[in-house]
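Have a look at the structure below before the remarks.
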Amino acid sequence: MKNIIIYTLSIICVFSCGRSAKTSHVAESSKEFRMAAIPVHVSSPEAIAEYIAYHYWDNFDFTDTSYIDLPEVTEQAFANYVAVLMELPDNLARISIKNMLGEAEKDTGMFIYFTELYDKYLYDPNSPFLNEELYIPVLEIMINTGLLSDMDKVRPQYRYDMAMKNRAGTPAADFKYTTIDGSSGTLYKIKSEYTLLFINNPGCSACKEIIRDINLSPVINRRIESGGLTILGVYPDNNLNEWREYAEWFPNTWINSHDTDKSMDSLKLYDLRSIPTLYLLDSDKTVLLKDALLEAVEDYLIRN
871 MKNIIIYTLS IICVFSCGRS AKTSHVAESS KEFRMAAIPV HVSSPEAIAE
921 YIAYHYWDNF DFTDTSYIDL PEVTEQAFAN YVAVLMELPD NLARISIKNM
971 LGEAEKDTGM FIYFTELYDK YLYDPNSPFL NEELYIPVLE IMINTGLLSD
1021 MDKVRPQYRY DMAMKNRAGT PAADFKYTTI DGSSGTLYKI KSEYTLLFIN
1071 NPGCSACKEI IRDINLSPVI NRRIESGGLT ILGVYPDNNL NEWREYAEWF
1121 PNTWINSHDT DKSMDSLKLY DLRSIPTLYL LDSDKTVLLK DALLEAVEDY
1171 LIRN
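Structure representation (structure tokens):
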């Protein structure tokens, strides 16, 4: 919540201050986005956040489909909206999303346009706003809307099913693993205060970067040295020769393994749409962080 004032002021400036910097396309179309003015009596950060959550789209006409062809207006407004959502309590952000998409359901084209934007901003692994928890209410609405056909609901239903697996606060799915020396184990047999599950692929440049960054992390290495953190690297696919050749990248203090039964993929135990993937688990293998950035893992370990 501490950054909500910064976001709020920036958005008020963008949408309420002078507009001389608007693009010629916007000027020609005479279309613009104006966020609902925040009343003077709404002054605390919490009250401002709540007001924006309920009223951000008050002045937007969801039946005017010409906005779909003006991303410099509509998508920019949406990007700023998502930035605000990131600063809201989850329950308030979810309510805001449901209310907003409820308005978007006034027109099928507009509804599809905004759900695609939610996909781009909240679901795309490369998005700086990636947030599966806030994407879940979007999927729920897509699954239940009368605007989409049963065929159109297949993808959101699958994404919803995967999003509900291994959520923060729930037990991680157990699986068997086999290490580089042929020994075997299971996730739940690892005895450690924290387990960092690192799902990776041989030859993946991003995986090598993660390995390097973890090796350079004082926070993580202190935890490993004290015995409070175990890193379990797991290769979920079939090319074991390539996996063995990749072994030299892994420190001896980590468990380097492959998924023995290939259950991560075949049973869809974990969402493998983005590799590398990090999960931070507690001693009971409850998920603390899902599909997390390394910085988020470090921050958690510093605070706990």
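Residue 871 is where the sequence shown starts when you use the working numbering, and the numbers rise one by one after that.
Quick reminder that beta carbons are idealized off the backbone N, C-alpha and C, glycines included.
Everything numeric in this text was worked out from a predicted model, so none of it was measured.
Here's a check: name, in chain order, each residue in its chain whose Cβ is nearer than 7 angstroms to the Cβ of residue i, leaving out the five neighbours to either side.
{"i": "Glu973", "result": "Trp927, Phe932"}
{"i": "Asp1023", "result": "Rather than Asp, the amino acid found at residue 1023 in this sequence is Lys. Excluding positions up to five away in sequence, the list reads Met1012, Ile1013."}
{"i": "Asn1071", "result": "Cys1077, Tyr1105, Asp1107, Ile1145"}
{"i": "His925", "result": "Ala906"}
{"i": "Val912", "result": "Ile918, Tyr921"}
Can residue i and residue j be called in contact, C-beta distance under 7 angstroms?
{"i": "Phe1068", "j": "Leu1148", "result": "yes"}
{"i": "Tyr991", "j": "Leu1009", "result": "no"}
{"i": "Ala1175", "j": "Lys1155", "result": "Residue coverage of the chain in this structure runs from 871 to 1174, which leaves residue 1175 outside it and unanswerable."}
{"i": "Thr935", "j": "Gly979", "result": "yes"}
{"i": "Leu987", "j": "Phe948", "result": "yes"}
{"i": "Lys901", "j": "Leu940", "result": "yes"}
{"i": "Leu923", "j": "Leu958", "result": "With the sequence shown as reference, residue 923 is identified as Ala, and Leu is not the correct amino acid for it. Yes, the Cβ-Cβ distance between Ala923 and Leu958 is below 7 angstroms."}
{"i": "Phe981", "j": "Leu1017", "result": "yes"}
Using C-beta distances below 8 angstroms, list every residue in its chain close to residue i, excluding the 5 sequence neighbours before and after it, in chain order.
{"i": "Leu1102", "result": "Tyr1047, Leu1057, Ile1060, Thr1065, Leu1066, Leu1067, Phe1068, Trp1124, Ile1125, Ser1127"}
{"i": "Leu1110", "result": "His1128"}
{"i": "Leu1163", "result": "Leu1148"}
{"i": "Leu818", "result": "Nothing can be reported for residue 818, as the shown portion of the chain is limited to 871 through 1174."}
{"i": "Ala1117", "result": "Ile1050, Asn1126"}
{"i": "Leu962", "result": "Ala919, Glu920, Ala923"}
{"i": "Asp1135", "result": "Pro1106, Asp1107, Asp1129, Leu1142"}
Assign residue i to buried or exposed, taking buried as 16 or more other Cβ atoms, counted over all protein chains shown, within 10 Å of its Cβ.
{"i": "Ile1080", "result": "buried"}
{"i": "Ile1172", "result": "exposed"}
{"i": "Arg1082", "result": "exposed"}
{"i": "Thr985", "result": "buried"}
{"i": "Arg1025", "result": "exposed"}
{"i": "Pro909", "result": "exposed"}
{"i": "Ala1175", "result": "Since the first residue of the chain shown is 871 and the last is 1174, residue 1175 is not available in this structure."}
{"i": "Ser966", "result": "buried"}
{"i": "Asp960", "result": "exposed"}
{"i": "Asp1020", "result": "exposed"}
{"i": "Arg1092", "result": "exposed"}
{"i": "Ser894", "result": "In this prediction, Ser894 has a pLDDT of 40, which is less than 50 and means its spatial position is unreliable; nothing more can be read from the coordinates."}
By Cβ distance, which residues of its chain are closer than 6 angstroms to residue i, with the 5 residues on each side in sequence left out?
{"i": "Glu1002", "result": "Ala1033"}
{"i": "Tyr937", "result": "Thr944"}
{"i": "Asp1152", "result": "Leu1158"}
{"i": "Glu1063", "result": "Gly1098, Ser1153"}
{"i": "Arg964", "result": "Pro1007"}
{"i": "Thr1100", "result": "Ile1060, Ser1062, Thr1065"}
{"i": "Asp1161", "result": "Thr1147"}
{"i": "Ile1090", "result": "Ile1084"}
Candidates the options: which alpha carbon is nearest residue i's?
{"i": "Arg1143", "options": "Pro915, Asp994, Phe1120", "result": "Asp994"}
{"i": "Ser1053", "options": "Leu1139, Leu1017, Gly1016, Thr1130", "result": "Thr1130"}
{"i": "Glu1168", "options": "Leu1086, Pro959, Leu1137", "result": "Leu1086"}
{"i": "Lys1035", "options": "Lys1138, Asn1174, Met905, Glu1115", "result": "Lys1138"}
{"i": "Gly840", "options": "Asn1122, Asn950, Arg1093, Arg1114", "result": "There is no way to answer for residue 840, as the model of the chain reaches only from 871 to 1174."}
{"i": "Tyr1140", "options": "Tyr1028, Pro998, Val912", "result": "Tyr1028"}
{"i": "Asn929", "options": "Arg904, Asn950, Glu942", "result": "Arg904"}
{"i": "Pro998", "options": "Asn950, Gly1055, Glu1095, Ser913", "result": "Asn950"}
{"i": "Glu1095", "options": "Pro1121, Thr1040, Glu1112", "result": "Pro1121"}
### Message
As an exercise, report each continuous beta strand (DSSP E) stretch of at least 3 residues that is fully enclosed by the region 996 to 1064, in chain order.
### Response
1046 to 1049, 1054 to 1056
#### Entry: Completely contained beta strand (DSSP E) runs for the region 914 to 964, where each covers 3 or more residues
none
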